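> A single structure is presented below for examination.
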Amino acid sequence: MERLKQNRRNGRPFLREGTKPCTGGGTGFIGTALTQLLKARGHEVTLVSRKPGPDRITWDELDTSGLPHCDAAVNLAGENILNPLRRWNERFQKEVLNSRLETTQILARAINKAPQPPQAWVLVTGVAYYQPSLTAEYDEDSPGGDFDFFSNLVTKWEAAARLPGESTRQVVVRSGVVLGRGGGAIGHMLLPFRLGLGGPIGPGHQFFPWIHIRDLAGILAHAVEASHVQGVLNGVAPAPTTTNAEFAKAFGAALGRPAFIPLPSMVVQAVFGRERAIMLLEGQKVVPRRTLATGYQYSFPELGAALKEVVD
82 MERLKQNRRN GRPFLREGTK PCTGGGTGFI GTALTQLLKA RGHEVTLVSR KPGPDRITWD
142 ELDTSGLPHC DAAVNLAGEN ILNPLRRWNE RFQKEVLNSR LETTQILARA INKAPQPPQA
202 WVLVTGVAYY QPSLTAEYDE DSPGGDFDFF SNLVTKWEAA ARLPGESTRQ VVVRSGVVLG
262 RGGGAIGHML LPFRLGLGGP IGPGHQFFPW IHIRDLAGIL AHAVEASHVQ GVLNGVAPAP
322 TTTNAEFAKA FGAALGRPAF IPLPSMVVQA VFGRERAIML LEGQKVVPRR TLATGYQYSF
382 PELGAALKEV VD
């Protein structure tokens, strides 16, 4: 079967239209955006889900029967770490860890055993791999992954995805905070900001690596389609450095509301727990050097335009 055809975009071979990506976690906020984009580009998408249905297989079916024929596999599955309704205790930490490692291991094992393995295997992790800092700048080659629960989680997660050999391209996208309508970070922040009660979280000078949902889906589709893309990509916008305070100001401006009421650090720690609160109270300056080098062109490289699209 001919899986590739030459496409003149960047002079690289791309997956032909009508190929079949398989997506784990494809019914969530990011997965829905990616599925819509892939279908719009002419691909047939099979979802791996907890519930059976049309164009779906369950995780149990995948584990017992193996991977159906597909030309690419993507894993987006994982328990929401910042769910404010869940206490940050040992039980929830285990759920967060297992929801990522087990699904990734199941997919990686199925790919490895497939008689005709997919051309591409794409995993979405997070910029929590990089250590929070007010001065350091991180690109895809920067060290990290060994200083707290979340960085170690990313290290284990990415290790679980590694395949032996080179028959399948392997791509890891480390995502920043995802901005989009109807979900992600904006879903939690929209009401207080609309009421004029929004503002910076904690000190506000921590870096805030972000990406528009359309661009994260675009990077993932780019990773699926383009045969020259492999290794780690940072899934963040290439905008000039953004701090949490600058984000709050820009979000308030997009809504036409003031945004100067800070959320005290002690409140964040009380709601999320001290360890989990680090994700909100500290940040990293992350740049998408390799993402840009692959030829991906951002739809929303600047924060103001990204937020305007989200709230309009």
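Whatever position you read off the sequence shown (first residue = 1), add 81 for my numbering. No residue lacks a Cβ here, since even glycine has one placed at the ideal position from N, Cα and C. On a predicted model such as this, the values are computed, not experimentally measured, just so you know.
Per DSSP, what kind of secondary structure is Y219 in: helix, strand or coil?
Reading the sequence shown from its first residue, position 138 is the one you call residue 219. Note: Y219 maps to strand in three-state DSSP.
> Is it buried or exposed, E247, if we count other Cβ atoms within 10 angstroms and call 16 or more buried?
Counted from its first residue, the sequence shown places residue 247 at position 166. So E247 counts as exposed.
> How many angstroms separate the CA atom of P133 from the CA atom of T139?
Here residue 133 refers to the residue found at position 52 when the sequence shown is read from its first residue. Here residue 139 refers to the residue found at position 58 when the sequence shown is read from its first residue. Approximately 6 Å between the Cα atoms of the pair.
> Let me check one thing: in DSSP terms, what residues is R137 bridge-paired to?
Taking the sequence shown and counting its residues from 1, the one referred to as residue 137 is at position 56. For R137, which the question treats as bridged, DSSP gives the partners L128.
> Please tell me whether P213 and F288 are closer than 9 Å, where the distance is taken between their beta carbons.
Numbered from 1 along the sequence shown, position 132 holds the residue referred to as residue 213. Numbered from 1 along the sequence shown, position 207 holds the residue referred to as residue 288. Yes, the Cβ-Cβ distance between P213 and F288 is below 9 Å.
> Tell me, please, which residues DSSP counts as bridged to L260.
Reading the sequence shown from its first residue, position 179 is the one you call residue 260. G265 and H293, per the DSSP bridge assignment.
> Along the beta strand (DSSP E) that carries A153, what are the first and last residues, could you check?
In the sequence shown, residue 153 corresponds to position 72, counting from 1. Start and end: A153 to N156.
> Is the beta carbon of A201 sitting closer than 9 Å to the one on A153?
Residue numbering aside, residue 201 sits at position 120 when the sequence shown is read from its first letter. Residue numbering aside, residue 153 sits at position 72 when the sequence shown is read from its first letter. Yes, Cβ-Cβ distance for A201 and A153 is below 9 Å.
> At 4 residues or longer, what runs of the alpha helix (DSSP H) sit wholly inside the segment 322 to 389?
Entirely contained in the segment 322 to 389, the alpha helix (DSSP H) runs reaching 4 residues are, in chain order, 325 to 336, 346 to 353, 355 to 362 and 370 to 374.
> Exposed or buried, what is G385 when buried is set at 16 or more other beta-carbons lying within 10 Å of its beta-carbon?
As a first step, residue 385 must be located in the sequence shown, where it is residue number 304. It is exposed - the Cβ of G385 has fewer than 16 other Cβ atoms within 10 Å.
> Helix, strand or coil: how does DSSP classify I282 here?
Start at 1 with the first residue of the sequence shown, and residue 282 comes out as number 201. It is a strand residue.
> Beta carbon of P321, beta carbon of Y379: below 9 Å?
Here residue 321 refers to the residue found at position 240 when the sequence shown is read from its first residue. Here residue 379 refers to the residue found at position 298 when the sequence shown is read from its first residue. For P321 and Y379, no; Cβs fall outside 9 Å.
> Taking the continuous alpha helix (DSSP H) assigned at L70, which residues delimit it?
Summary: the structure shown does not reach residue 70, with the chain confined to residues 82 through 393, and so no result is reported for it.
> DSSP has G207 in a bridge; who is on the other side?
Position 126 of the sequence shown, counted from the first residue, corresponds to residue 207. Partner(s): S256.
> Which of helix, strand or coil does DSSP assign to A307?
Numbered from its first residue, the sequence shown carries residue 307 at position 226. Strand, per DSSP.
> Below 7 Å CB to CB, which residues in the same chain sit around A209 once its five sequence neighbours on both sides are set aside?
Working through the sequence shown from its first residue, we reach residue 209 at position 128. So the qualifying residues of the chain are F231, S232, V235 and M360.
> If we count the other Cβ atoms within 10 Å of its Cβ and call it buried at 16 or more, is N91 buried or exposed?
Taking the sequence shown and counting its residues from 1, one reaches residue 91 at position 10. For N91, the predicted structure reports a pLDDT of 33, less than 50, and the residue's modelled location is therefore unreliable. The matter cannot be settled from this model.
> Starting from V317, trace the beta strand (DSSP E) in both directions and tell me its first and last residue.
Within the sequence shown, the letter at position 236 stands for residue 317. Run containing V317: none; DSSP gives neither H nor E here.
> Nearest by alpha-carbon distance to E306: which of L166, T108, E221 and V252 is it?
Numbered from its first residue, the sequence shown carries residue 306 at position 225. For the residues L166, T108, E221 and V252, the minimum Cα distance to E306 belongs to V252.
> Do the CB positions of F353 and P196 come within less than 9 Å of each other?
Within the sequence shown, residue 353 is the residue found at index 272, counting from 1. Within the sequence shown, residue 196 is the residue found at index 115, counting from 1. Going by C-beta atoms, F353 is not nearer than 9 Å to P196.
> What span of residues does the beta strand (DSSP E) with T249 cover, start to end?
As a position in the sequence shown, residue 249 is number 168, starting the count at 1. Per DSSP, T249 belongs to no beta strand (DSSP E) and is neither H nor E.
> Answer with buried or exposed for Q311, where buried requires no fewer than 16 other C-beta atoms within 10 angstroms of its C-beta.
In the sequence shown, counting from the first residue as 1, residue 311 sits at position 230. That one is buried.
> Please identify the residue among A114, T108 and R357 whose C-alpha is closest to the C-alpha of G299.
Taking the first residue of the sequence shown as 1, we reach residue 299 at position 218. Cα-wise, what sits closest to G299 is A114.
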